[in-house]
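Written below as structure tokens is the structure these notes are about.
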Amino acid sequence: MEVRSEGIQVRCDKFPAPVIPRTRLRIWFIRVCSSIVLWTCLVQLVTVSELWHSHLISGITNGIYHITQVQLPIQGDNGVAQSPPAFLPRRNYTSNGFLRVSCNGGLNQMRAAICDMVTVARFLNLTLVVPELDKTSFWADPSNFEDIFDVKHFIDSLRDEVRIVKRVPKKFSGKRGYSTLEMPPVSWSNEKYYLEQILPLFGKHKVLHFNKTDTRLANNGLPLDLQKLRCRVNFQALKFTHQIENLGHNLIQMLHEKGPFVALHLRYEMDMLAFSGCTHGCTDKEAEELKQLRYAFPWWKEKEIISNERRSQGLCPLTPEEAALVLRALGFGRETQIYIAAGEIYGSERRLAQLKAVFPRIVKKETLLTWDDLRQFQNHSSQMAALDFMVSAASNTFVPTYDGNMAKLVEGHRRYSGFKKTILLDRKKVVELVDMHQNGTLSWIEFADAVRGVHEGRIAQPTRRRVILDKPKEEDYFYANPHECLCEETSCDDLLGSHNSSQKKMQGGIQLPILYYVALATINDEFPNHAGVRRFAGEES
182 MEVRSEGIQV RCDKFPAPVI PRTRLRIWFI RVCSSIVLWT CLVQLVTVSE
232 LWHSHLISGI TNGIYHITQV QLPIQGDNGV AQSPPAFLPR RNYTSNGFLR
282 VSCNGGLNQM RAAICDMVTV ARFLNLTLVV PELDKTSFWA DPSNFEDIFD
332 VKHFIDSLRD EVRIVKRVPK KFSGKRGYST LEMPPVSWSN EKYYLEQILP
382 LFGKHKVLHF NKTDTRLANN GLPLDLQKLR CRVNFQALKF THQIENLGHN
432 LIQMLHEKGP FVALHLRYEM DMLAFSGCTH GCTDKEAEEL KQLRYAFPWW
482 KEKEIISNER RSQGLCPLTP EEAALVLRAL GFGRETQIYI AAGEIYGSER
532 RLAQLKAVFP RIVKKETLLT WDDLRQFQNH SSQMAALDFM VSAASNTFVP
582 TYDGNMAKLV EGHRRYSGFK KTILLDRKKV VELVDMHQNG TLSWIEFADA
632 VRGVHEGRIA QPTRRRVILD KPKEEDYFYA NPHECLCEET SCDDLLGSHN
682 SSQKKMQGGI QLPILYYVAL ATINDEFPNH AGVRRFAGEE S
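Residue numbers (this note's numbering): 182 to 722.
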């Protein structure tokens, strides 16, 4: 270039400026921007994870489980792979309001109540809130619904019948001017009561809370579609969580690997003895302890109970010693594998001594599983009861020593699964025979013959429920014998008629094998080494 100064012309060359290639500049710019965006996202993720951490983790694990459930075929009882259930489309309806329910009692009492409340919600076109479980009863189990049952399966499998939500929407809270009516429905009520007495309440209260749910629906007289819905909830919608199911299946496999087994529901537990006032075989100190416990719970209405009278009426659970005599009289031998489906037996090992002496192959979940296996279930009696329920339902023979809620629901499941062998003990007759044997009136042979004779027709054969008008507590319980769900309408008369002496095939429910309609002698079919109906000549207990 040229520079002019005082008339002097000077030429000088321009130094070239440093040049940065455009490609490198662009890469550098992109890296800087990307770093800023990544750091911003990271900060946001950290903040969100602190708020959602527990829900995120549980959601991921549950999602993984449900994905695997869809991908893996379901194994049926016969070992044949079955297709996973296909959920039906949602039912569209205008909801009349929200129904909250607080279940009371133990696991199986609550299970039956859940089935009833789903049915009520369906009949009244309500939206059901996932049921709340009892945390204040004798067992003080803190488990929530989702700790015991697969809540996603529960909601999805019933979506074609009733809408189920996990909580009442906030817009229906008290802060928004809505009030919740809390009440217990009347026990043993039919659909007319709910239609005429309960449904109108939703005109004023959008949310009703049933704070008692035990036996709030009648056994009989309901429309067939409602009875079948109760079965559908019980047998299909209420699945245990995968943790419970996995451990339960492990237990069942362990038992089957050692051969056929009897599930003995030995309801000789502290709460039952205190509630029923049954103290036969207890020391004076133990009897006083049970009485004090009965007075400690105000909802146990009967306080002064004469144990001997209650026992003679057949209203007491059999003692472990009585159970040993009865099982032996029925023909079960020393080689029989017996699983005790119960919690802690009152009196512990001292009361189990005679039973173990007669049947040395006695096992419990606590002896089959490790402490690590059961650690997550400790202090959760309902989850422990779920394991016993699974094993009892799958056993070769089920023998309950008391007709409580678990005994009745297991009986119903075994009927639905093809009338698996269930021996329903006549406790009133049993204690009479036991006393006669122990005081020398009956020899062992006479006692054993009498016990077998009493129970020849008590193998839970196909029959209709016994109906007693105006006395629902005394009639047959729906969940012990849901006969409406065991056959198609056209074949029910053949299957459930008053005379059912021949073998028949099931026509409804799930896929069912030939009925196990048996006399006691056929126990030999499942227990090859079983004593059957042999006489115990010369043997004394």
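Beta carbons: idealized from backbone N, C-alpha and C, even for Gly.
Item: Can you grab the Cα-Cα spacing for the pair residue 538 / residue 621, in whole Å?; Value: 22 Å
Item: Using CA coordinates, which residue listed in 353, 522, 355 is at the minimum distance from residue 570?; Value: 522
Item: Rounding to the nearest angstrom, what Cα-Cα distance links residue 489 and residue 669 in this structure?; Value: 45 Å
Item: Do residue 548 and residue 579 have their beta-carbon atoms positioned less than 7 Å apart in this structure?; Value: no
Item: Residue 636 lies in the beta strand (DSSP E); which residues open and close that run?; Value: From DSSP, residue 636 is part of no beta strand (DSSP E) but of the alpha helix (DSSP H) over 625-636.
Item: Within this structure, are the beta carbons of residue 476 and residue 484 separated by less than 7 Å?; Value: yes
Item: By Cβ distance below 8 Å, which residues in the same chain neighbour residue 550 in space, the five residues on each side in sequence not counted?; Value: 428, 431, 432
Item: How about residue 499 and residue 394: do their beta carbons lie closer than 7 Å?; Value: no
Item: Taking a contact to mean a Cβ-Cβ separation below 7 Å, would you say residue 400 touches residue 656 in this structure?; Value: yes
Item: Out of 619, 667, 586, point me to the one whose CA is closest to residue 563's CA.; Value: 586
Item: Tell me whether residue 578 sits in a helix, a strand or coil according to DSSP, three-state version.; Value: strand
Item: Does the beta-carbon of residue 396 have 16 or more other beta-carbons within 10 angstroms, so that it is buried, or is it exposed?; Value: buried
Item: Considering only C-alpha positions, which residue in the set 517, 495, 494 is nearest to residue 505?; Value: 517
Item: Can you give the Cα-Cα distance for residue 613 and residue 459, rounded to whole angstroms?; Value: 16 Å
Item: Which residues in the same chain as residue 575 place their Cβ atom closer than 7 Å to its Cβ, once the five residues preceding and following it in sequence are excluded?; Value: 433
Item: What are the partner residues of residue 520, as DSSP defines its beta bridges?; Value: 444, 544
Item: By Cβ distance, which residues of its chain are closer than 6 Å to residue 335, with the 5 residues on each side in sequence left out?; Value: 418
Item: Take every Cβ of the region 407-421, pair it with every Cβ of the region 384-391, and state whether three or more of those distances are shorter than 8 Å.; Value: no
Item: Where does residue 367 fall in DSSP's three states?; Value: coil
Item: From residue 308 to residue 343, what does the alpha carbon distance come to, in whole angstroms?; Value: 7 Å
Item: Who are the Cβ neighbours of residue 247 in its own chain at under 7 Å, not counting the five residues just before and after it?; Value: Bear in mind that the predicted position of residue 247 carries a pLDDT of just 38, short of 50, making it too unreliable to give a figure here.
Item: So, helix, strand or coil for residue 487, using DSSP?; Value: coil
Item: When burial is assigned at 16 or more other CB atoms within 10 Å of the CB, is residue 237 buried or exposed?; Value: With a pLDDT of 36 at residue 237, under the threshold of 50, the modelled position of that residue is not reliable, and the figure given next carries that caveat. Looking at its Cβ environment, which holds fewer than 16 other Cβ atoms inside 10 Å, residue 237 is exposed.
Item: Compare the C-alpha of residue 348 against each of 282, 329, 653 and name the closest.; Value: 282
Item: What residues in its chain sit with their C-beta under 6 Å from that of residue 456, if we drop five residues either side in the sequence?; Value: 481
Item: Looking only at its own chain, which residues have a Cβ that is under 7 Å from the Cβ of residue 363, when we skip the five neighbours before and after it?; Value: 390, 392
Item: Assign residue 356 to one of three DSSP states: helix, strand, or coil.; Value: helix
Item: I need the boundaries of the beta strand (DSSP E) containing residue 388, first residue and last residue.; Value: 388-391
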